[in-house]
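Residue numbers for the sequence shown follow our numbering, so the first one is 1 and each next one is one higher. Every residue gets a Cβ at the ideal spot worked out from N, C-alpha and C, and that includes glycine. All remarks here apply to the structure that follows.
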Amino acid sequence: MVLLRISYAAELAPVGAEGTLRGIVGTTLEEIGVPIGSFIGGYLFYHFGSITSYKCINGFALAVCICQMTIQKLINRFSKNDTVKEEVSCSSYFTVDPKLSVNDNLI
């Protein structure tokens, strides 16, 4: 997972700044996020027990997931990206040629 995050950060970075963004992503995820998560998880476990801690962490993860999906939908809706092709409807893939009859050999 670490390699995927770092390589994805390199793809998003402008030319010449790949190393800088890789360092920022690696530091943020591994050296800040892991200790904070361990501290909060340990605190919840010590003060509230295992079941309540599990429920709290799952509720937080669900809330973050919903927020992320909502924000991504808003970004996609309001961004003007001309490089993205328009979606093709499925009905265009299932059109029938009126010249063909049932008895034609299609192979």
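Item	Value
Nearest-angstrom Cα separation, counted from T20 out to P14	10 Å
Check: K55 C-beta below 7 Å from any heavy atom of the ligand HEM	For the ligand HEM, the structure offers nothing, since it holds no ligand at all.
T28 versus A9 - alpha carbon distance	12 Å
Own chain residues within Cβ distance below 7 Å of P35, not counting five before or after	none
Minimum Cβ-Cβ distance from S50 to chain D less than 8 Å	No chain D appears in the structure shown, which is made up of a single protein chain.
Every unbroken alpha helix (DSSP H) within the segment 2-87, with a cutoff of 4 residues, ordered by chain	2-12, 18-26, 34-48, 50-78
Neighbourhood of R45 by C-beta distance below 6 Å, restricted to the same chain and skipping five residues each side	Here residue 45 turns out to be Phe, not Arg, going by the sequence shown. Excluding residues within five positions, the ones whose Cβ falls inside 6 Å are S53.
Same chain only: Cβ atoms within 8 Å of R77, ignoring 5 sequence neighbours per side	none
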